[in-house]
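Participant: For the sequence shown, this note's numbering begins at 117 and goes up steadily by one. All C-beta atoms in this analysis are idealised placements derived from N, C-alpha and C, irrespective of residue type, glycine included. Pasting in a structure now, in structure tokens, and then I'll have a few things to ask.
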Amino acid sequence: MLVSLTVGKVDAGVAVLLTEDKRLIEFPSILLPADITSGSIVDINVARNETAEEKAVQKFEALQEDIYSTFGIHSPSAPVLRCRNATQTSVVLEWDPVQLATAELRSLSLYRNGSKAGNIPRDKLSTKISGLAVDTEYTFHLVLRTSAGTYTSERLTVRTHKMTDLTGITITPGIMPQQLRDDLQATVDRIGAKMIDTLRIDTTHFVCTEGRGQAWEKAGDMNVPVVVPDWLKGCEREGRIVGVRAYYLDADPKLRNIGPTSQPLPSPQQQQLRVHPPLSSPRIEHTPPTPEQIQNPEMPTSQPNSVPAPPPK
Numbered sequence: 117m118l119v120s121l122t123v124g125k126v127d128a129g130v131a132v133l134l135t136e137d138k139r140l141i142e143f144p145s146i147l148l149p150a151d152i153t154s155g156s157i158v159d160i161n162v163a164r165n166e167t168a169e170e171k172a173v174q175k176f177e178a179l180q181e182d183i184y185s186t187f188g189i190h191s192p193s194a195p196v197l198r199c200r201n202a203t204q205t206s207v208v209l210e211w212d213p214v215q216l217a218t219a220e221l222r223s224l225s226l227y228r229n230g231s232k233a234g235n236i237p238r239d240k241l242s243t244k245i246s247g248l249a250v251d252t253e254y255t256f257h258l259v260l261r262t263s264a265g266t267y268t269s270e271r272l273t274v275r276t277h278k279m280t281d282l283t284g285i286t287i288t289p290g291i292m293p294q295q296l297r298d299d300l301q302a303t304v305d306r307i308g309a310k311m312i313d314t315l316r317i318d319t320t321h322f323v324c325t326e327g328r329g330q331a332w333e334k335a336g337d338m339n340v341p342v343v344v345p346d347w348l349k350g351c352e353r354e355g356r357i358v359g360v361r362a363y364y365l366d367a368d369p370k371l372r373n374i375g376p377t378s379q380p381l382p383s384p385q386q387q388q389l390r391v392h393p394p395l396s397s398p399r400i401e402h403t404p405p406t407p408e409q410i411q412n413p414e415m416p417t418s419q420p421n422s423v424p425a426p427p428p429k
């Protein structure tokens, strides 16, 4: 379509064109011939470029598809929380790597019984909660906050073990004779405990007979109790968790329990007191002297069964 327009005014960047019905059109002056002035008449041919229009539509649709496939298909997923191990006073929780898709992580928080227990670092996939009550039920869940929204894991209910439940014991063996290690493995199998070769977050005790080696040093850094193999045998013998104080690597062996009861062995002094109880001190009664004793000090004392002497006249 050919349109004739009259140039009304030409500025540095914009020319004002007039239509036949006296309408004003602002037109870039750079697209007009260089020699036009006010009053010049220009013919502009206007046509629809369907080929370019089709290419633009295809390009726009491809961009939309790219945006949808990048940001619309995949979204952050709620974390999946699991219990790796539980003992009498602690719980070890773990979860799969957090799937953020294209979102940004804001925070990952752990909740216990509905109350926030703390934030979890992004590079951590497990955590240990200590100081719990024995044989008590707890509920945990994770809350993932991202730039795409907030996602909550399923509630996980965990009950801490009773003192007689030994299945939560997870030991890592250190330096010890092979025969003692085999015996330790047999004890672990009998009580239902677990033995792992490396120190992990769920390791409850480090068992060895010599305090040396890289694993022993790491156990000290992780605050894992270092005990002798007799501790596990003591747990099996007692049928319950026993204290580790007497079974530390440098503890006195005399403090360890060797009988079927949970009472500690008496010390040699206590044994001596039990075998030879102390004799009570003789009771001394003071009585006033009789008149005969006052008059005649050399007179022998009367016997308990003797007849008392008559009083003096």
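#1: Roughly how many angstroms lie between the CA atoms of Ile236 and Ile317, to the nearest whole one?
#2: Taking the alpha carbon of Gln204 as the point to measure from, which residue in Asp212, Ile141, Glu170, Tyr254 has its own alpha carbon closest?
#3: Between Pro195 and Leu260, which are expected to be in contact by the criterion C-beta below 8 Å, what is the C-beta distance as a whole number of angstroms?
#4: Going by beta-carbon coordinates alone, are Leu133 and Ile141 separated by less than 7 Å?
#5: Taking Cβ positions, are Pro192 and Tyr267 nearer each other than 7 Å?
#6: So, under 8 Å CB-CB, Ile291 and Gly329 are touching, yes? Tell me the CB distance rounded to an integer number of Å.
#7: For the beta strand (DSSP E) containing Arg198, list its first residue and its last residue.
#8: Under 8 Å: do the region 300–310 and the region 349–358 share three or more Cβ pairs, one atom per stretch?
#9: If Thr276 and Thr252 are in contact, beta carbons under 8 Å, what's the gap, nearest whole angstrom?
#10: What separation, rounded to the nearest whole angstrom, lies between the Cα atoms of Leu121 and Asn165?
#11: DSSP state of Glu210, grouped into three classes?
#12: Would a C-beta distance cut-off of 7 Å place Thr218 and Phe187 closer than the cut-off?
#13: Which value, in whole angstroms, describes the spacing of the CA atoms of Gly247 and Val207?
Facilitator: For this structure:
#1: Looking up residue 236 in the sequence shown gives position 120. Looking up residue 317 in the sequence shown gives position 201. Those two C-alpha atoms are separated by around 15 Å.
#2: Residue numbering aside, residue 204 sits at position 88 when the sequence shown is read from its first letter. That would be Tyr254, whose Cα lies nearest to the Cα of Gln204.
#3: Numbered from 1 along the sequence shown, position 79 holds the residue referred to as residue 195. Numbered from 1 along the sequence shown, position 144 holds the residue referred to as residue 260. Taking a contact as a CB-CB distance under 8 Å, the pair Pro195 and Leu260 counts as one, their CB atoms being some 6 Å apart.
#4: Stepping through the sequence shown from its first residue, residue 133 is reached at position 17. Stepping through the sequence shown from its first residue, residue 141 is reached at position 25. Yes, the Cβ-Cβ distance between Leu133 and Ile141 is below 7 Å.
#5: For this step, residue 192 is matched to residue 76 along the sequence shown. For this step, residue 267 is matched to residue 151 along the sequence shown. A contact, by the Cβ cut-off of 7 Å.
#6: For the purposes of this step, residue 291 is identified with residue 175 of the sequence shown, where counting begins at 1. For the purposes of this step, residue 329 is identified with residue 213 of the sequence shown, where counting begins at 1. 5 Å between Cβ atoms; contact.
#7: Residue mapping note: residue 198 aligns to position 82 of the sequence shown, counting from 1. Looking at the DSSP string, the run of the beta strand (DSSP E) that includes Arg198 is 197–202.
#8: The region 300–310 is in contact with the region 349–358.
#9: The residue labelled residue 276 in the question sits at position 160 within the sequence shown. The residue labelled residue 252 in the question sits at position 136 within the sequence shown. Confirmed, Cβ separation roughly 5 Å.
#10: For this step, residue 121 is matched to residue 5 along the sequence shown. For this step, residue 165 is matched to residue 49 along the sequence shown. Straight-line Cα distance between these residues: approximately 22 Å.
#11: Taking the sequence shown and counting its residues from 1, one reaches residue 210 at position 94. In this structure, Glu210 counts as strand in the three-state DSSP scheme.
#12: Indexing the sequence shown from 1 puts residue 218 at position 102. Indexing the sequence shown from 1 puts residue 187 at position 71. Yes, Cβ-Cβ distance for Thr218 and Phe187 is below 7 Å.
#13: As a working note, residue 247 is residue 131 in the sequence shown. As a working note, residue 207 is residue 91 in the sequence shown. Taking the straight line joining both Cα atoms gives about 9 Å.
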